[in-house]
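A short write-up of the structure that comes next.
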Amino acid sequence: MQEQIVTQLRAIVGPEGILTDSTALLAYESDGLTLKRQRPELVLLPRDTNETAQCMRVLHEHGIPLVPRGAGTGLSGGATPVPNGVLVGTARMRDVLELNAEDRFARVQAGVVNVDLTRCCDGDGLFYAPDPSSQMACTIGGNVAENSGGPHCFKYGSTTRHILGLVIVTATGEVLHLDEADVDPAGFDLVGLFVGSEGMFGIATEITVQLTPIPPVTETLLAIFKALDPCCDAVSDLIAARLEPSAIEILDKLAIQAVEASVFAAGYPQEAEAVLLLEVEGRESAVEDTVERMLPILEAHGLLEVRRARDAGERRKLWAGRKGAFGAMGRIAPDLYVADVVVPRTRLREIVRYATDVCSERNLKISNVFHAGDGNIHPNISYDRRDEEEVARVLEAGDLIMETCIKYGGSLSGEHGVGLEKQAMMSRLFTPDDLSVMERVRRCLDPDGRLNPGKMFPVRSCKEVRPQLAGSPGEST
Amino acid sequence: MSTFSKEAGAALIEHALSLDCIHCGLCLHTCPTYQLTGNESASPRGRIHLMRAEAEGRIEPDHGFEEAMDSCLLCLRCESVCPAGVSFESMMEDCRDGLDSVRPKGWLVRVVRRIGFGHILPSRRGIRLALGALKLAQVLGLTRVASTLLGARGRALGSLPPVPPRAERQPLNLAAPTPGSESSQAWLMEGCVMPELFGRVNRASATVLAAAGVHCRTHAEHTCCGALHAHNGDLTGARELARSTIIAFESSARIPVVINSAGCGSHMKEYPRLFSDDPEWLERARAFSSRVVDFTEFLAAPERLNPLKSRLGPSQSGTLAFDDPCHLCHGQGVRSAPRTLLASIPGAEVVELEDPEACCGSAGIHSMLRPEDSSALLAEKLEDLERSGAQTLVTANPGCHMQWAGGLTQANSPKQVQHIAEVLAQALKPNAS
């Protein structure tokens, strides 16, 4: 990168806000998807909207591509740098700007960590509902970019349902204020458009989120099953019976063992083939009623035992175990491929069985930890990235699982986004026309395609799609 | 301008250890240096990533690498949240040791190493001479002059606590009891700097242990356990001191070794790691480490807590807040014992800090090497203490003790810092025997 550009950027963010050392930059070469790596040319860590906008103007002026990054905990490669590109990180934008308990919203900088948001409003009897497993580290900005989910999104809905307003810096460095905090702003719902845009529409620097009242009673149940198949069926039946717990999670045996060996050991029974982690919230009578109606359904599917969390401490432990599961897989192999696909909930058993078979046929270690209630499964395949042949088998298994989900009427992404991981499969889910429309929307906000280029759109399809676009010759995506 | 001299192909760390990290990033938010900088190369995940890249020959240890490793406080908070159980401390110690052999060192580091680690800490006489000199310098006002001359790096020198008068700087010299009741005996390890700067803490520890029905003895010659050496890239020195420590306490193989300095206790519990390639010493290290116990952990066991409780009267220290030393909570997993002890003081009002497990910035000699980072971390802790309303900050580690005391003095705060042994000793009912 030209020294003059670096000087210009340094003048904006100060010496602490720019990383140029090639060794330091290597720490940014991937996000949670370690298969794809690219060292950035530069990392910028602006402190607010103004600095971000100034940086974006400089990058625009020089036609430099860039990737926004929160904590880099994503699993689809959304925050992986691009060749000759700059990373713009939100790690120094960590202020809660406003907390309004009466109107139940908070305005935060994009780099505020998910769990900190809930901590800061806890005293007012409120919480921020979307709770990705990485919530201990991931940022609200990253959650907005990926439209993140989490166990409790079964009841509360994913990130998009909780974002009231945004301040966005566009590709050209313009600042858009979409933060009236109205339930339904006049005109197009641009906030809705932005959430889940995977860093391709701009950088959200300030985010207004809706806060949810903490329910009066919370009951957490650990249901232990003797096999994974009936455990999946139990979930399908709970949904069919119109029961509304706030979270329905499945962990299988390998996942349980990894968690129990870790600092997050939660007391999951290690001999069980599968457990269901269920949470029911609301008024006491309603909670009791739901639990009573759930039990016979669970029993009909070979339930061995139900344990109830006795207090908040036990509940925290049960959830910490679930949320540490991905990291705990480090005990099994150096790398982990976390698939993130969705099927109709009546097909849960079939898809989990299919994923297991696909992996065992390829001699791959698979564990399952997933948001069963949403039909959002995460077959976790452990591998070692140094073994190229094994990597090929992992990717093949991933593709087969994704294809089968599409065949079952499901989707490619539950909550992790498409990024680099699933881009090739996009042409299986969408027609060239669909992709063309998406590309046009993107070009409205980023005409040059400099924001997170080379992600989400399948490379081959894009080339097919591009001729249909007016005024975009020769871009490389 | 690279002046690193690494043998081609030799990795700084054992590559296999780095493979435990799956890059999930759950450690990021708990890391004090990531919090300060927002820089991922100053985070546990980033540092491990760089160590792995170095071991794989993708990068050379250059100044950027050195900066990433040296900025770590080794507070071990990342280990407390790591689902994959990465042995971060051991990787960082190996990495710094390896780095030490290939890099040019700054003058301050060289002085601290050569004189401090090599001659002062390992010998009682060396420590006495050094502290005597410091005392003289303090009396003559030379530390203030030196601290001004040294700029930011000298700040730590200026904020050192006054060296107590000679009469207070005496080792305890507690002898073994007459043979018979081994079950109620314990070694109280006095430490290197503790007898000089915190003799009162050692005396309080012995008094409280006696009140709990424990006969304490001390070792006349033993000084340093080698923790600072291990943390700062001198594993050879650390091994030497570990051997001499093991030998010093080996003759009484069943008697627990009680440590009132969390950093030292944490290190001594990990002695076996230093001897993974040496079967004979590995065995001896295991036997020794299994006897090492923190002062609070030892006292909170019912057989000692019950007699102690009957001796405790009203608290003398006002509202208390316990600040977990990193090497007690993250290093040793001891969290409830100190709280149990404080709660057993009749009428003691104990409040919790919002983030008692965050590092205060002392981190061994980190406060001397990186004063800005250290002060920034301490500033947040001081605010936390202020909000808590506590009058006495309770700690269990001399480094944290000095760091807090320095911070409170600088802020002209009326609050005080006490070692938990001092708090307990002051609450002991008088004239009971």
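Protein chains in written order, with my numbering: chain D, 149 to 625; chain V, -18 to 414.
Glycine included, every Cβ here is placed at the ideal spot set by N, Cα and C.
Can you find a C-beta in chain V that's less than 8 Å from the C-beta of residue i?
i: D:Ala487; result: no
i: D:Met204; result: no
i: D:Glu453; result: no
i: D:Leu326; result: no
i: D:Tyr416; result: no
i: D:Ala413; result: no
i: D:Glu498; result: no
i: D:Tyr276; result: no
i: D:Thr270; result: Thr is not the amino acid found at residue 270 of chain D; the sequence shown has Asp there. Answer no: the Cβ-Cβ gap between D:Asp270 and chain V never drops below 8 Å.
i: D:Ala476; result: yes
i: D:Leu157; result: no
i: D:Gly622; result: Bear in mind that a pLDDT of 40 at D:Gly622, under 50, signals an unreliable position, so the model cannot answer this.
i: D:Val491; result: no
Output needed for residue i: all residues of its chain with C-beta closer than 8 Å, excluding positions within five of it in sequence on either side, in chain order.
i: D:Leu577; result: Ile554, Ser559 and Leu560
i: V:Val332; result: Thr300, Leu301, Ala302, Ser369, Gly370 and Ala371
i: V:Leu323; result: Leu301, Phe303, Ala329, Val331, Val375, Ile401 and Val404
i: V:Glu364; result: none
i: V:Leu263; result: Pro253, Phe256 and Ser257
i: D:Glu544; result: Arg510
i: V:Ser270; result: Met249, Lys250, Glu251, Tyr252 and Pro253
Give the single residue among the options whose Cα lies nearest to the Cα of residue i.
i: D:Gln358; options: D:Val489, D:Arg217, D:Arg591 and D:Cys269; result: D:Cys269
i: V:Leu350; options: V:Pro295, V:Cys310, V:His382 and V:Arg94; result: V:Arg94
i: D:Asp522; options: D:Arg598, D:Ser384 and D:His310; result: D:Ser384
i: V:Phe230; options: V:Arg147, V:Thr204 and V:Ala191; result: V:Thr204
i: D:Leu386; options: D:Glu427, D:Leu312 and D:Ala249; result: D:Glu427
i: D:Ala375; options: D:Phe412, D:Ala249, D:Phe349 and D:Glu447; result: D:Glu447
i: D:Phe195; options: D:Leu274, D:Ser306 and D:Leu157; result: Before going further, note that residue 195 of chain D is Arg rather than Phe in the sequence given. Selected option, being the one with the closest Cα: D:Leu157.
i: V:Asp275; options: V:Asp51, V:Gly312 and V:Ala191; result: V:Gly312
i: D:Met241; options: D:Leu193, D:Asp264, D:Pro280 and D:Asn262; result: D:Leu193
i: D:Leu214; options: D:Val191, D:Thr221 and D:Asn198; result: D:Val191
i: D:Thr287; options: D:Phe275, D:Arg217, D:Ala395 and D:Arg590; result: D:Arg217
i: D:Ala389; options: D:Glu250, D:Arg441, D:Gly347 and D:Val339; result: D:Arg441
i: V:Leu178; options: V:Leu112, V:Ala243 and V:Leu31; result: V:Leu112
i: D:Gly211; options: D:Pro601, D:Val607 and D:Pro606; result: D:Pro601
i: D:Val506; options: D:Thr168, D:Glu392, D:His526 and D:Arg541; result: D:Arg541
i: D:Thr353; options: D:Tyr416, D:Ile160 and D:Thr197; result: D:Thr197
Is the Cβ of residue i closer than 8 Å to any Cβ of chain D?
i: V:Met(-18); result: For V:Met(-18), the predicted model reports a pLDDT of 38, less than 50, meaning its position is unreliable; a value from the coordinates is still stated below. Cβ-Cβ to chain D under 8 Å: no for V:Met(-18).
i: V:Cys53; result: no
i: V:Ile(-6); result: no
i: V:His100; result: no
i: V:Asp43; result: yes
i: V:Ala318; result: no
i: V:Phe46; result: yes
i: V:Ser22; result: yes
i: V:Leu0; result: yes
i: V:Val315; result: no
CB-CB under 6 Å to residue i, same chain, minus the five flanking residues each way: which ones, in chain order?
i: D:Arg632; result: Absent from the model: residue 632 of chain D. The displayed extent of chain D is 149 to 625, so no value can be given.
i: D:Thr204; result: Here residue 204 of chain D is Met; the residue named in the question, Thr, does not match the sequence. Within the same chain, D:Met204 has close Cβ partners Val317 and Gly321.
i: V:Arg58; result: Thr11 and His311
i: D:Ala414; result: Lys465, Leu466 and Gly469
Only counting the same chain, and skipping five residues up and downstream in sequence, which positions put a Cβ closer than 7 Å to that of residue i?
i: V:His347; result: Leu54 and Ser355
i: V:Thr277; result: Val315, Ala318, Pro319, Leu322, Ala377 and Ile401
i: D:Gly273; result: Pro361 and Ile362
Could you round the C-beta distance between residue i and residue j to whole angstroms and report it? I think they count as a contact, below 8 Å.
i: V:Asp1; j: V:Val67; result: 5 Å
i: D:Val365; j: D:Arg431; result: 7 Å
i: D:Ala403; j: D:Ser282; result: Contact flag wrong, Cβ pair sits at about 16 Å.
i: D:Val244; j: D:Val260; result: 6 Å
i: D:Cys564; j: D:Ser224; result: Checking the displayed sequence, the identity of residue 564 of chain D turns out to be His instead of Cys. That pair is a contact at about 5 Å.
Could I get the ranges of all uninterrupted alpha helix (DSSP H) runs contained in the region 272 to 322 of chain V, with 4 residues as the minimum, in chain order?
276 to 280, 283 to 292 and 307 to 313
If we require 3 or more residues per run, which beta strand (DSSP E) segments fall completely within the region 163 to 228 of chain D?
190 to 192 and 214 to 217
Could you tell me which whole beta strand (DSSP E) segments of length 3 or greater appear in the region 168 to 242 of chain V?
196 to 198 and 238 to 240
Counting only runs of 4+ residues fully inside the region 80 to 132 of chain V, write out the alpha helix (DSSP H) ranges in chain order.
88 to 92, 105 to 121 and 123 to 131
Segments assigned alpha helix (DSSP H), at least 4 residues, entirely inside the region 416 to 480 of chain D:
432 to 447, 460 to 471 and 473 to 476
Complete runs of the beta strand (DSSP E) confined to the region 346 to 397 of chain D [at least 3 residues]
351 to 358 and 365 to 373
In the region 225 to 284 of chain D, which residue ranges form an unbroken alpha helix (DSSP H) of at least 4 residues, counting only runs that do not cross its ends?
262 to 269
Any chance you could list the beta strand (DSSP E) runs of at least 3 consecutive residues sitting entirely within the region 565 to 592 of chain D, in chain order?
none
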